[in-house]
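Using our numbering, you'd call the opening residue of the first sequence number 112 and step up by one each time.
Following: one structure in structure tokens, then a few remarks.
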Amino acid sequence: MALPQVRVRFAPSPTGYLHIGGVRTALFNWLFARHHGGKFILRVDDTDQARNVHEALQPIMDGFKWLGIDWDEGPGMGGPHAPYFQSQRSDIYAEAVEKMLGDGYAYRDFSKPEEFAAERQTAEKEKRQFIYSRTWMAETEDEVKKFEAEGRESVVRLKMPREGKCEFSDMVRGDMSFEWGGEQDHVIQRKDGSCLYHLTSVVDDGAFEISHVIRAIEHLPNTPRQIFIAQSLGLELPIYAHLPFVAEPGSSHKLSKRKLDKYLKNRDFKVLYDHGENIAQKIGYSASPETFNPVIVDFYREIGFLPDAIINYLLLLGWSLDDKTEDFTRAAMIQEFSLDRINKAPASFDPQKLTSFQSRYMWRLEMKEKLDMVLPYLEKSGLIQSPPTEEIKSKVRAILEAANERISFAGDILDYTELFLADDAFEYEEKAFRKRLVNAEAQRDLLVKLRNVLPDITDFSAENLDNYLHTFVEREGVGMGMIVHAIRVAITGKAVGFGLFDIMSIIGKAGCKNRIDRALQLVAQQQ
RNA sequence: GGCGCGUUCGUCUAGUGGUCUAGGACGCUGGCCUCUCACGCCGGUAACAGGGGUUCGACUCCCCUACGCGCUACCA
């Protein structure tokens, strides 16, 4: 069987944000297209909200661009089947509706909404399946005139078959079979002439020559009526593949951006969110829950995630190559991706695992790339000048080298603000200060001794400081632990951090002296 | 209610009738390393939803039940 040209699409409705679940669906489409050398098309499903489409679409396109998911046809790209906005294709849909009407696959329905609803309610009350009586169906001109004379208005409904089965094969689910009789006469055109999703989607899939429809599982029950529309219009059917949805962390509910409050009760989710919020605060980013939310791609961009880490994580959410491979470059995932290794069960979004991918990707980065990622955060927070001087850059480079795996998100560089603030401007953590300085007399005395010999140290490299301090404690007849903590707190204000000798070297001799003096002074004040 | 889909460690998953006393990863956890934290290394914890079949043999095939989710819109 020769595979036709692969053409797939992702059809977002412009909502103003890019949802992580949507990215996963788009990713699978994109990978499938790239794997087969086909086309990935972006179509804008804006039949409902014609207003502000541009504004609402921009974040979605920006998100995809950032993630490196590019489209061959669609907004900003054009293409042989333009326009790619459904709001600009009404004539095409109207024509399709006329054709279906003419061929008897659809009919004008003059029922009033309340009449139709009444029928449905009756059926529900009697606990039987609702099937429209078609009492107000008009198929001839005379019938139309008769109903119009009564002052009725019409919509166009599908004239669904009521017998037999709709059978099709799904590339993820296998063979599917639905009773036609279970289907409703869905409305495809409103009385104002605008068309509904099922119609527009099928018409466009046909027009764009979509070969494979890869979408979320919630569309599976919609498939029979879409097949009916496609067949009525004489369109070739695409091959369907329905993806399991992305669920909330630790639950089987579909991930939704509206339930942020609820997700924050999940520990792992909250950890990620708080981490992000902390960074956002330091760079003065106003965190609106509309977009600053771990369900939305913008969140990750703001706090310094790597697109590749997100993509790699998402790839494995419902797909796997084998029992061990986890790291995929773009080239590798394009090479290996196939629909038949997609899982059937919903996959729940795990913030911890995403974070672990991010950390690994971050650690592996070349120094230059890491530096480029991190500098904007220092600039935005006002800790360094913009653009940074070479001197600052080499300082940041030294910090990155020393901090190493401690930086997982680019914004984590802001955990080391004390290394950029003036010697008398950073703050001391109260608890650490008390424990390591105020209530540690012996250690403090050692610190004083060290401070006094500080000017004698000519080589302030980390390596030499290491040697020097080891000799120093040896001479004093104590362990390293006796001096290290006091120094750390005195010069950084914190109880934890990366290697002390690195920190000292980065702060420099004068800085260390100033900071130790300041700390000792503060201790004196407290006593 | 009807129809449909799904169900392996807490989570992502491997597994297509015997190689499974079920493998990997994240997490959690014990230890080592060590100036703290992190990294790293070594070890541990933990799963086939339940019940019936089919079969010499079932995580794998069939049926039922339970649970979860979705669709059943003049939303997409």
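Where a beta carbon is used, it is the ideal one built from N, C-alpha and C, also for glycine.
- DSSP, reduced to helix, strand and coil, places E290 within a strand of the structure shown.
- Secondary structure note for I503: its alpha helix (DSSP H) is the uninterrupted segment E501 to A514.
- K150: member of the beta strand (DSSP E) spanning K150 to L153, first to last residue.
- Residue state for W430 is assigned as strand, using DSSP reduced to three classes.
- Secondary structure at H147: coil, using DSSP grouped into helix, strand and coil.
- In the displayed model, M271 falls within coil according to three-state DSSP, outside both helix and strand.
- Residue environment analysis places H364 among the exposed positions, since fewer than 16 neighbouring C-beta atoms fall within 10 angstroms of its C-beta.
- Here M248 has Y218 and D220 as same chain residues with Cβ atoms under 7 Å from its own Cβ, once five neighbours each way along the sequence are excluded.
- Secondary structure note for C623: its alpha helix (DSSP H) is the uninterrupted segment L611 to Q637.
- Between G604 and F531, the C-beta gap is not smaller than 7 Å, which leaves the two residues out of contact.
- Taking a contact as a CB-CB distance under 8 Å, the pair P125 and D157 counts as one, their CB atoms being some 5 Å apart.
- In the DSSP assignment, K276 falls within the unbroken beta strand (DSSP E) covering K276 to D281.
- Secondary structure of R586 (DSSP, three-state): helix.
- Residue nearest to L489 within the set G293, G215 and K504 is K504 (criterion: CA-CA distance).
- In the DSSP assignment, H596 falls within the alpha helix (DSSP H) that extends over G592 to T603.
- The DSSP assignment places complete beta strand (DSSP E) segments of no fewer than 3 residues inside the stretch 339-373 at 350-354, in order along the chain.
- Within the same chain, A144, G149, K150, I152, F319, E320, I321, S322 and H323 come within 8 Å of R118 by CB-CB distance, once the 5 residues on both sides are set aside.
- Taking the CA atoms as reference points, Y308 sits about 38 Å from A391.
- The three-state secondary structure of E259, taken from DSSP, is helix.
- Burial is judged here by how many other beta carbons sit within 10 angstroms of a residue's own beta carbon; R452 has fewer than 16 and is exposed.
- The stretch 416-432 makes contact with the stretch 460-467: 3 or more CB pairs, one atom from each, lie closer than 8 Å.
- Of the residues assessed, M478 falls on the exposed side of the cut-off, its CB having fewer than 16 other CB atoms within 10 angstroms.
- Within the same chain, and ignoring the five residues on either side of I131 in sequence, the residues whose Cβ sits closer than 6 Å to its Cβ are V406.
- Assignment of G187 by DSSP, reduced to helix, strand and coil, places it in the coil class.
- A direct Cα-to-Cα measurement between S449 and K236 gives close to 46 Å.
- In this structure, G133 is the residue among W141, K256, G133 and Y472 with its C-alpha nearest to the C-alpha of A327.
- For R336 against E294, the beta-carbon gap comes to about 6 Å, under 8 Å, which counts as contact.
- Contact annotation: the stretch 172-180 does not touch the stretch 341-361, with fewer than three C-beta pairs closer than 8 Å.
- Annotation for F121: the continuous beta strand (DSSP E) segment containing it runs R118 to F121.
- Cβ-Cβ separation between V266 and Q300: approximately 6 Å, consistent with a contact (criterion under 8 Å).
- Going by C-alpha positions, G608 is about 21 Å away from L383.
- DSSP places H309 in no beta strand (DSSP E) but in the uninterrupted alpha helix (DSSP H) bounded by Y308 to A318.
- For H130, the secondary structure class from DSSP, reduced to helix, strand or coil, is strand.
- Straight-line spacing of the CA atoms in A630 and G622 works out to 12 Å.
- L417 and D438 have their C-alpha atoms roughly 14 Å apart.
- For a cut-off of 8 Å, the C-beta gap from I598 to L558 is around 7 Å, short enough to register as a contact.
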